[in-house]
Each structure stands twice: as structure tokens, then as C-alpha cells.
DNA sequence: ATCGTTGTTGTACGATCGTCCAACAAGCAT
DNA sequence: ATGCTTGTTGGACGATCGTACAACAACGAT
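Protein chains in written order, with the numbering used here: chain R, 69 to 273; chain Z, 69 to 273.
Take a look at the structure:
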């Protein structure tokens, strides 16, 4: 090597939004590995390969980073579900079934993903801002479900309740699937959810 | 005051099991007040009115105390549900409805109670012993539900699935009711669950 | 080639964490 | 009244936490 360069850079500068995203993804990995209790500024900095000071530079605190990570992971989950629904074609019921099946697919019903939710939930009760963020996320999730149910012929007057019910059933199955994966299978969860949908959607169409 | 006593006792001795229970209840109160993240040996000791060293004396660590607290609170919830079922009389469907209604009653669908569950859940992924404890609790909960469903005429071959489904729906509704109490009411949650039970229980009896 | 900006580093700081253990005293047996 | 058992205290200890900040260096502008 001719090596005219006296040294290689000790670090690389990055566009703020890219660095911010890297920190968020590092936070998600740390939570996935060590659980919600293992998150710390230093662990995240090591995971992202940066100095601990950077976390404070991009986020007002560790809680803000957890909240941003939740928002990011929730967005990714939403995209995965949307793509699955779109790939299912035009038939409304097929789209709803795809939504259910994907909810229990390995990419989403992941014990490591649950750690992000738990870390976020643990802040909901005490922090009003976090509670508001959760309400917003839940409202969005329910709206998506209402649209899918409406396309299947669920009357507008029943959509709200139906969406709350489906959302709760899916969440409950998803939670248990993550907490004790050996108790029942993703296929069973999907069957249970689809059978429930049968009772909500009138067959006369 | 004649006060022949030079001083009043600096502390009172207690039977080990009573002190242990007092620490568990103090842990539950601390979690209810400050969320799952606020639990610490010192906070629990202050809440229980004892010295910090006592926590280490009765429990091998803070995680063991959280696990014991979860077991205790879960037992109390189970008793509340059992009493409600018993008070509902002999009719199987009335007993099942009482189970549902009580699940969403203020005593159980309590945001502060959720903190205990979250603190416990945050340990499930990383600690095998905690995971085993959760599996045991879930199996017990499902068995109780299976018995109630069986009494309502759900065939034995379908009981397992039905219990998983009902348990998931109740858990999902309970979770959302705790996380954002303003989104829907306990009455709505009860109506949704009872309507779901209608679809599981054949009316021909 | 040099400058200016700003993303990044590394550390110091005080607070708080869980754990441990020797000393103490409350209450029962004698 | 006295001694003994043991529940209880209270602080020491090292580790780790979140935060703040002055110095540094990468890199585009000039």
C-alpha cells in the first residue's frame, strides 16, 4: 500500500435523519436481545457503534428514544400488514384473511418484537404524552380494521364494535403467541381469528 | 403520662410469612403508583415501612419479588373471579357472563393493576423460570375457562380452542381498557365478549 | 489549500441501583 | 429478671444509570 493517508477517519459523519434512524434501530435490537429492562443509553450506543453522548444529542432522553422506536417499529408492522393486504388481491374477505395471517406470521408475532411493546406500555400509565401516542396508534390501527371490515359488508353502525372486537382478539392471540410460543401455533391463532370473522360477516353476499 | 418505658420499640418483629406478604403488597403498590420502571428495593422498603435490607432477606432478588407479586396479584384476581362466578348461581351461562363482567369491573380492569403484569411480562422473554411461571398461570386460567365453557355445552373437542379464543379476546379487551380507558367502556367490552360467547355456545339447549 | 460548521467524541459528574453483612434489639423461653 | 434466638437495621460497596459539556475532527464551502 502506498498509503499517503496518515490515518483513516475515526468516525463518519452522517445525515441527521439517518443517524437518528440508526439509533432507533439499535434501540430496537437492544430491546429484542435483553428485554425491556436492558435498555440503556450506553447499550444502545455500543449497538449503534457510536459514542454514548450521541443519544442525548438526538433524543431528549431515553424515554423519547423508546417512544420513537415504538413509533418506528409500529410503522414497519403497519407497512408489512398493508403489503400483505395489497398482495391478497381485490376480494375483501381475502384481504381481511391476509391481515389476520400476517399478524401471526413470524415477522410480527415475534417474542423479540414484544419487548418493544412492553417497554412502551410500561411508560403509558405514567407519561401522558406516551398515553396520547398510544391512543393515536390504536385509533389508526382500528381505522384500518374498520375499513377492511366495511369492505366485507359490515354495516357502518357495527363497524366500531367489530373493529374493537377483532383488534382485541388479534392482540390477545398475538400477545400469548409471543409470551409462550409453545402453547398454540400461529396456524391455530389464524383459524380462531378467521372463524370469529365468519360470525361478524354476514354470509349473504 | 407516667411513662415508665424508656422508649418505644424502634421496630416490630413479624411472622416471616406476614412480613413477606407485606413486602409483596408494598411492591404491588409501588408498581401501581410509579409504573413498572419505578420498582426498586429502596422504594419498596419505604412503602412497606421497613429497612432496605429486609427485601434481600426475604427474596433472592428484585426479580423474585416481582414474580411473587405477580403470583399473589394473579391469585387475588382469580379469587375475585371465582367469587363472582359462584355468586351468579347455578346457571352455566350466567356464571360465564359473571366471569366476563367481573373481568372488566374496576377491581380488575385497573390501569394500576396492569403495571404488575407489564413488569412481569418484561421478564418473561429473558428468564426461563419466569416463562415457566407464566405458562403455568395461563394453563390454569384456560382450564377455568374450559370448565365454564364445558358447562355451557361446548363439546370437549372444541373446548381448547374456545378457551384460547375467549381468553385472548378478554385479555385484548382488558389490555386496551387499561391502556386507554377512554376509548371504550367496560360495558362495551362486556357486550362484545358476551356476543362472542353467543357464537360459541349453541343455542339449542 | 484553507476555513467554518457541526456532527461526534470522551469523560466527568451526581444519583441511584442491587447486594451484602456486621451490629443491634424485640420478644420468647427459661 | 436474664439469656438466646433471629427478625431487623442501616450503611458500605461497586456497578451502572442518565445527563451535560468542552474539545475534537470530518467534510462541504470557499
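Just so you know, even glycine gets a beta-carbon here, dropped at the ideal spot from N, CA and C. Just so you know, these numbers come straight off a predicted model, no measurement behind them.
- Nearest neighbour of residue 257 of chain R by Cα position, chosen from R:121, R:168, R:104 and R:158, turns out to be R:168.
- For residue 266 of chain R, the enclosing alpha helix (DSSP H) begins and ends at 254-268.
- At a Cβ-Cβ threshold of 8 Å, residue 107 of chain R and residue 98 of chain R count as neighbours.
- Cβ neighbours of residue 84 of chain Z within its own chain (closer than 8 Å, five residues either side excluded): 126.
- Contact of residue 190 of chain R with chain Z is assigned, a C-beta pair being separated by under 8 Å.
- Counting only unbroken stretches of 4 or more residues, the alpha helix (DSSP H) elements lying wholly within the region 84-125 of chain R are 84-102 and 109-116, in sequence order.
- Under the 8 Å criterion on CB atoms, residue 226 of chain R is classed as non-interfacial with respect to chain Z.
- For residue 248 of chain R, the three-state secondary structure derived from DSSP is coil.
- Taking a cut-off of 8 Å on C-beta distances, the region 194-207 of chain Z does not touch the region 242-252 of chain Z, as fewer than three cross pairs fall below it.
- For the region 175-203 of chain Z, the continuous alpha helix (DSSP H) assignments of 4+ residues that do not extend past its boundaries occur at 179-192, in sequence order.
- With contacts defined as CB atoms closer than 8 Å, residue 261 of chain R and residue 240 of chain Z fail to qualify as a contacting pair.
- Near chain R, meaning a CB-to-CB distance below 7 Å, the residues of the region 200-211 of chain Z are 202, 203 and 206.
- With respect to chain R, the C-beta atom of residue 179 of chain Z has a partner C-beta closer than 8 Å.
- With fewer than 16 neighbouring CB atoms inside 10 Å of its own CB, residue 82 of chain Z falls in the exposed class.
- In terms of CA proximity to residue 208 of chain Z, Z:146 leads the group Z:225, Z:140 and Z:146.
- Residue 177 of chain R sits buried, since 16 or more C-beta atoms from the chains shown fall within 10 Å of its C-beta.
- Fewer than three pairs of CB atoms, one per stretch, sit closer than 8 Å, so the region 224-236 of chain R makes no contact with the region 133-144 of chain R.
- Following the DSSP letters along the chain, one finds residue 144 of chain R inside the alpha helix (DSSP H) bounded by residues 130-155.
- Looking at Z:217, Z:251 and Z:116, the one whose alpha-carbon comes closest to that of residue 264 of chain Z is Z:217.
- Residue contact check for residue 186 of chain Z against chain R: a CB pair falls below 8 Å.
- The Cβ atoms of residue 173 of chain Z and residue 155 of chain Z do not sit closer than 8 Å to each other.
- For the region 239-250 of chain Z, the beta-carbon criterion of a distance under 7 Å to any beta-carbon of chain R is satisfied by 239, 240, 241, 243, 244, 247 and 248.
- For residue 162 of chain Z, the enclosing alpha helix (DSSP H) covers residues 160-171.
- A distance below 8 Å between beta-carbons, with the five flanking residues on each side excluded, links residue 131 of chain R to the following residues of its chain, in chain order: 191, 195 and 198.
- Remark: C-beta atoms of residue 96 of chain Z and residue 137 of chain Z approach each other more closely than 8 Å.
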